[in-house]
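Undergrad:
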Amino acid sequence: MILKVFKEKSIKKRINNMLSERVVTSNNLVAKSFGVLINLDEFDELALFESIAKEAGVQPNNFKIITFSEQKKDDLGVFDNCYSSADFSRNGQVKNAELQGFLDTDFDVLISYYTEDILELKLLTVASRAKFKIGVLQSDERLNDLIIKTELKEFGVFKTELFKYLRILNKIK
Numbered sequence: 001m002i003l004k005v006f007k008e009k010s011i012k013k014r015i016n017n018m019l020s021e022r023v024v025t026s027n028n029l030v031a032k033s034f035g036v037l038i039n040l041d042e043f044d045e046l047a048l049f050e051s052i053a054k055e056a057g058v059q060p061n062n063f064k065i066i067t068f069s070e071q072k073k074d075d076l077g078v079f080d081n082c083y084s085s086a087d088f089s090r091n092g093q094v095k096n097a098e099l100q101g102f103l104d105t106d107f108d109v110l111i112s113y114y115t116e117d118i119l120e121l122k123l124l125t126v127a128s129r130a131k132f133k134i135g136v137l138q139s140d141e142r143l144n145d146l147i148i149k150t151e152l153k154e155f156g157v158f159k160t161e162l163f164k165y166l167r168i169l170n171k172i173k
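So that you can map any letter, position 74 of the sequence shown is 74 in the UniProt record's numbering, and since no number is skipped, the others follow by simple counting.
1. Given this structure, state the Cα-to-Cα distance separating lysine 153 from glutamate 45, to the nearest angstrom.
2. In terms of residues, what are the limits of the beta strand (DSSP E) holding tyrosine 113?
3. Using only alpha-carbon positions, find the residue among Glu161, Phe158, Asn170 and Gln93 that is nearest to lysine 122.
4. For the beta strand (DSSP E) holding asparagine 91, just list the boundary residues, first then last.
5. Which runs of the alpha helix (DSSP H) at least 4 residues long sit entirely within the region 118-153? Give them in chain order.
6. Work out the CA separation of glutamine 59 and asparagine 96 for me, nearest whole Å.
7. Going by alpha carbons, who is nearest to arginine 167 out of Ala31, Gly35, Leu137 and Met18?
8. Out of Asp108, Leu3 and Leu124, point me to the one whose CA is closest to glycine 57's CA.
9. Can you name, in chain order, every residue of its own chain whose Cβ lies under 8 Å from the Cβ of aspartate 55, other than the five neighbours on each side?
10. Between threonine 115 and threonine 160, what straight-line distance do the alpha-carbon atoms span, to the nearest angstrom?
11. Leucine 37 by DSSP, collapsed to three states: which one?
12. Please report how far the alpha carbon of leucine 48 lies from the alpha carbon of lysine 64, in whole angstroms.
13. For serine 128 versus leucine 99, is the C-beta spacing smaller than 8 Å?
14. Would a C-beta distance cut-off of 8 Å place isoleucine 111 and valine 36 closer than the cut-off?
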């Protein structure tokens with residue numbers, strides 16, 4: 001119990017530090033790489049994001065999906081890139097090399113598709129080196145550069161709005 005509280009406080013402190021140090025740069029370059037962060041407990045239709053990347057002209061080798069779940073990994077069997085709170089140390093450091101590799105990738109666009117207030121998901125969003133971060137409405141609006149206010153089940157609306165704003169910002173053609 002005490003360790004869980006310590007872990008939560010450490011992660012919150014790390015998130016706040018990273019957000020205060022973040023420098024947002026704007027550019028009009030076309031997005032060539034997409035990263036997607038999904039809470040598997042809320043949404044599990046990963047193929048829909050693959051269709052977004054394909055429509056945006058992103059090559060498959062420049063597209064990566066990472067899923068997070070609070071369930072045990074054994075119960076999820078099918079998803080290779082699924083991580084849980086066990087992949088984070090007590091002080092909020094990522095223990096999994098593959099997950100750290102995702103965070104270190106300089107994606108042109110990161111889509112954070114979750115609404116639940118889970119510290120590890122917030123930490124992944126903040127720690128990502130993505131140049132432009134997009135998300136659905138969350139409790140902390142500082143996490144993303146663009147917020148599309150939709151319900152997770154309204155994926156069609158999210159996709160329409162996403163493409164509308166990516167075109168306005170010259171991220172896609």
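The C-beta atom is built at its ideal place from N, Cα and C for all residues, glycine as well.
TA: Answer, in terms of the structure:
1. Pairing lysine 153 with glutamate 45, the inter-Cα distance amounts to about 10 Å.
2. Segment 109-113, the beta strand (DSSP E) holding tyrosine 113.
3. Minimum Cα distance to lysine 122 is reached at Gln93.
4. That residue, asparagine 91, is in no beta strand (DSSP E); it is neither H nor E in DSSP.
5. You should have 119-127.
6. Taking the straight line from one Cα to the other gives about 25 Å.
7. Of Ala31, Gly35, Leu137 and Met18, the residue nearest in Cα terms is Ala31.
8. Closest by alpha carbon: Asp108.
9. For clarity, residue 55 is glutamate in the given sequence; the question names aspartate instead. Contacts found: Phe163.
10. For threonine 115 and threonine 160, the distance between alpha carbons rounds to 19 Å.
11. For leucine 37, the three-state secondary structure derived from DSSP is strand.
12. The C-alpha of lysine 64 is placed about 13 Å away from the C-alpha of leucine 48.
13. Result no, Cβ atoms of serine 128 and leucine 99 do not sit closer than 8 Å.
14. Between isoleucine 111 and valine 36, the C-beta gap is smaller than 8 Å, which places the two residues in contact.
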